[in-house]
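First residue of the sequence shown: 654, per this note's numbering; consecutive thereafter.
Remarks on the structure that follows.
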Amino acid sequence: MAANSPFVSGQAKWIWVPGYDDITNKGQFVNFRRSFEVKEKIDGEILLHVSADTRYRLYLNGQSISFGPCKSYLSRWNYETVNIAPFLRVGVNVLAARVLRFSIAHDGCLSMIRSPLPGLIVHCQLADLGLHTDESWKAKLDEATQLVPDSKWDYRLGPQFLSLNENVEGPLLDLDWNKVQYDDSAWPAAILGTPQRKMSPILDPRRLFPREIPALPEIYARFSGVVNLDGPISKEAWTNLLLNDAALEIPANTSTWVEIESSTLTTAFFDLLATFNGQDDNLPTLQILCSECYEQPMEESTSRVKGDRTDFQKGQLYGMTDTYVPHRGQNHYSPFWFRTFRFIRLTIDTKSSPLTLNSFSYRSTHYPLEVGTKVETSSPFISKLWDISINTLRNCMHETYEDCPFYEQNQFAMDTRSQILFTYLISRDDRLARKAMKEFHASRREDGLIETHFPCPGRGMNIPTFSLFWILMVYDHMVFFGDEQLVKSYVGAIDGILNYFDARINDQGLVGQFDPDCWAFVDWADGWFTPGRGFTGLAVPKSYYSKGAATYHSLLYAYTLLKASELQTFLGRKDTAKEYLSRHGSLLQAVKQHCFDHESGFFLDGPGSIDERSQHVQVLAVLSGAVKEVSAATLMRRTVLEREEHRLTKASLAMGFYVFRAVSEAGVYEESWETLMQPWKKMIDDKLTTWAESESMMRSDCHGWSAVPLWEIGTELAGVRQASKAYQLRVQGIADGKTFEIKPRKQLLADLKADIMIGPDETAHVEWATTS
């Protein structure tokens, strides 16, 4: 706990509801209330500090004022601070909190850590009145809302990661429970929930620290319109409801559905308002299915098939469903956690009484990233690349960077490295990046590796190479910000990761096999599957198992050693930098000796794997310095432009960033551009509004690592490339070194006008127009 934390005094206690069963269910909702009186108008700030395990939404007089705690980990558990003065009124007020607790005994949501103890904690001093959580608060289990069991998950969509959908029985709800007029006399007093005991040094497992990133806004928005429908209600009536809040009535004894759309895929809390005046024995049912796109009916194919994402005539919507059963009177349903959707299918079944829908809208929510880089061009293609990439990145940024918001919401190290770079290009806000680096650092294992995705409530299957991407995150921050203290705080962990790989050098001088509980993941590439290995046989070059090593692992390790040597040089640790370069040289020598096929002129996926060649290995051969200059240019031409002829396994969108870097390094960027941009062109033709996870695996339609065009437009087309002024000054002695260079590729674009961020309040301007 931070020394200046308001919780140091111990006035605020962790509290919970009595008689709680934390084992049977994977997650449950608990509501809390504390009434108090304000005798006169408040001037100035009244700061309230709040946290919970696992998630909370805090209300004051029925108005939502805070949502958290920001995703974190036990030794740095976040709390939020909010000024409640503007929300107070003279007279009786009520603080209320709704808490979602995920059980420690179940997997639940795999991006939310929880401690052994549930709880809510609030610290607030209002004049001489302490509003701190203690037994004066009241608590009640919400028996109306249940999380949808995993048994209801459609496993054709893939594994279940989120476990956040809800079944709500309206008649069981405590209506207006968060407002002043509610009578809570029947609610039990809260109980203290703490491991502390007298004469014992046992501390709470959660060390409380203030939130490090801004609160996520919730921005009101309307749906774009109706796509498809069935039933007695006209399209015009549905549209008028969506656009103008014009009430419509669903007749009695009716089964109807409507499919509606947002203009782009988004992450949001939807708000459904309805009125029901019937009896409790004939309640209607509403089901809200959120989906990314239309796709071929799964019954017609053994695998998922996606084409035109808007083709509602041939396609169907698949996704997670929330179910709401209205109560008598006015109803408002909004899910506790945000949903991801481009399309929503609303299904309504009434019995002997009608149901009136009054409004259906949503509140979009993302990390409040201020985009400072601006790009304008007459090219519709480049404009779409830019806008869709921004939307993709934004939807994968919340309280952490996320691989995909629809399926997982996990912060993976490989994905995050790319997303952080894309963030630096368009904004110099590095708060979420710093948080991500800190979280991965906190996840270190005894073998030196970081966890593959974190925060995570359990021990996941580790992908050792993802730890190398964390080192690259630190390197990138050094280039863009030159923060010596940040680099210094991580060099021990960097050395531990590199030593893990060094310890796995085999007799051939290559990185050999990892521990049995690790996944040697490289890429979601077609053809990379080794039967009999289960999940670990996926996305791994076959040579890893057949030959005992994958060249990719050695070359990625070598590439990272180059960057790590620069970090050590930056800190003045020249001996360590020299050691890293020595390891780098030995690796390249071993790769050239055992993994290069002189007859074909390609690096092989593994030693002696004559028929196994991939783009991945050629790309890293260039980036790691195994081939240079003319040889690199020749290799990359053959790798990109003649891939099919040479039967190279194709790199997916995940590796797209590195393919572009290799052709740039080799000097063949312009001639490779058209070929490399084909996957993004196809996604535009298929009418995506965010970039998909993979060409070969039709799952997520929004994946952060695919926002590569941001980098290409900013650093290659506009040609603005960052240099580390701090590195220049420290290592090269250049006191007035430039922080950037501009080398635009005008031959690829007729015109461009761009302001590229090169500092917190500074942009580099690039502009040209080619006249015919």
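Cβ coordinates follow ideal geometry from the N, Cα and C atoms, glycine included.
Is the Cβ-Cβ distance between residue i and residue j less than 9 Å?
| i | j | result |
| --- | --- | --- |
| PRO771 | THR677 | no |
| ASN984 | LEU901 | no |
| SER704 | ASN731 | yes |
| HIS1106 | ASN1063 | yes |
| THR1392 | ILE1411 | yes |
| LYS959 | GLN966 | no |
| TRP1172 | MET1114 | yes |
| GLN932 | THR976 | no |
| LYS832 | VAL747 | yes |
| SER1012 | ALA1066 | no |
| LEU1329 | VAL1312 | yes |
| ALA1360 | SER916 | no |
| LEU1008 | ARG1047 | no |
| ASP827 | ASP795 | yes |
| ASP1040 | THR938 | no |
| ARG995 | GLU945 | yes |
Within 10 angstroms of its Cβ, does residue i collect 16 or more other Cβ (buried), or is it exposed?
| i | result |
| --- | --- |
| MET852 | exposed |
| GLU1203 | Glu is not the amino acid found at residue 1203; the sequence shown has Ala there. ALA1203 should be labelled buried. |
| ILE872 | exposed |
| THR1424 | exposed |
| ARG859 | buried |
| LYS1334 | exposed |
| TYR808 | exposed |
| LEU930 | Leu is not the amino acid found at residue 930; the sequence shown has Asn there. Looking at its Cβ environment, which holds fewer than 16 other Cβ atoms inside 10 Å, ASN930 is exposed. |
| GLU889 | exposed |
| ASN657 | exposed |
| VAL661 | exposed |
| ALA842 | exposed |
| VAL598 | This structure does not reach residue 598, given that the chain is present from 654 up to 1425, and the question cannot be answered. |
Is residue i near the ligand NAD, in the sense that its beta carbon is under 8 Å from a heavy atom of that ligand?
| i | result |
| --- | --- |
| GLU1061 | For the ligand NAD, the structure offers nothing, since it holds no ligand at all. |
Taking the alpha-carbon positions, what's the residue i to residue j distance?
| i | j | result |
| --- | --- | --- |
| ALA1230 | VAL1270 | 25 Å |
| SER1277 | THR892 | 56 Å |
| GLY823 | ILE718 | 24 Å |
| THR1118 | GLU733 | 34 Å |
| THR1343 | PHE876 | 17 Å |
| TYR712 | LEU1301 | 57 Å |
| THR1069 | MET1050 | 10 Å |
| ASN818 | TRP806 | 10 Å |
| GLU1420 | GLN1331 | 26 Å |
| ARG957 | GLY783 | 57 Å |
| CYS943 | ASP1354 | 13 Å |
| GLN1161 | HIS1247 | 7 Å |
| MET1308 | GLN1221 | 27 Å |
| GLU1252 | PRO1260 | 14 Å |
| ALA921 | GLY1254 | 51 Å |
| ASP1148 | GLU1318 | 27 Å |
| LYS1245 | ASP1258 | 12 Å |
| LEU999 | LEU1010 | 11 Å |
| MET765 | ALA1422 | 49 Å |
| ALA1192 | MET1350 | 11 Å |
| TRP790 | HIS759 | 28 Å |
| ALA1345 | HIS1418 | 31 Å |
| ILE1116 | SER1096 | 13 Å |
| LEU1074 | PHE1223 | 20 Å |
On the premise that residue j lies in contact with residue i, defined as a C-beta separation below 8 Å, what is that separation, rounded to the nearest angstrom?
| i | j | result |
| --- | --- | --- |
| ILE774 | THR1026 | The pair is not a contact, with the Cβ atoms about 40 Å apart (cut-off 8 Å). |
| TYR1153 | LEU1215 | Between LEU1215 and TYR1153 the Cβ distance is about 18 Å, and since that is not below 8 Å, they are no contact. |
| PRO1108 | TYR726 | 5 Å |
| ASP1083 | HIS1019 | Rounded, the Cβ-Cβ distance is 17 Å, inconsistent with contact. |
| LEU1240 | TYR1197 | About 16 Å; that fails the 8 Å criterion. |
| SER756 | GLY672 | Actually they do not touch by this definition, with Cβ atoms about 15 Å apart. |
| LEU763 | PRO1110 | 7 Å |
| GLU690 | VAL745 | 5 Å |
| PHE989 | LEU753 | 6 Å |
Residues bridged to residue i by DSSP?
| i | result |
| --- | --- |
| LYS1027 | ASP1408 |
| ASN746 | PHE689 |
| TRP625 | Nothing about residue 625 can be reported from this structure: the residues present for the chain run from 654 to 1425 only. |
| GLN716 | LEU713 |
| PHE1393 | GLN1375 |
| VAL703 | GLU733, VAL775 |
| LYS791 | ARG686, ALA842 |
| MET1050 | TYR1054 |
| PHE989 | In the DSSP output, where bridge partners are listed per residue, PHE989 has none listed. |
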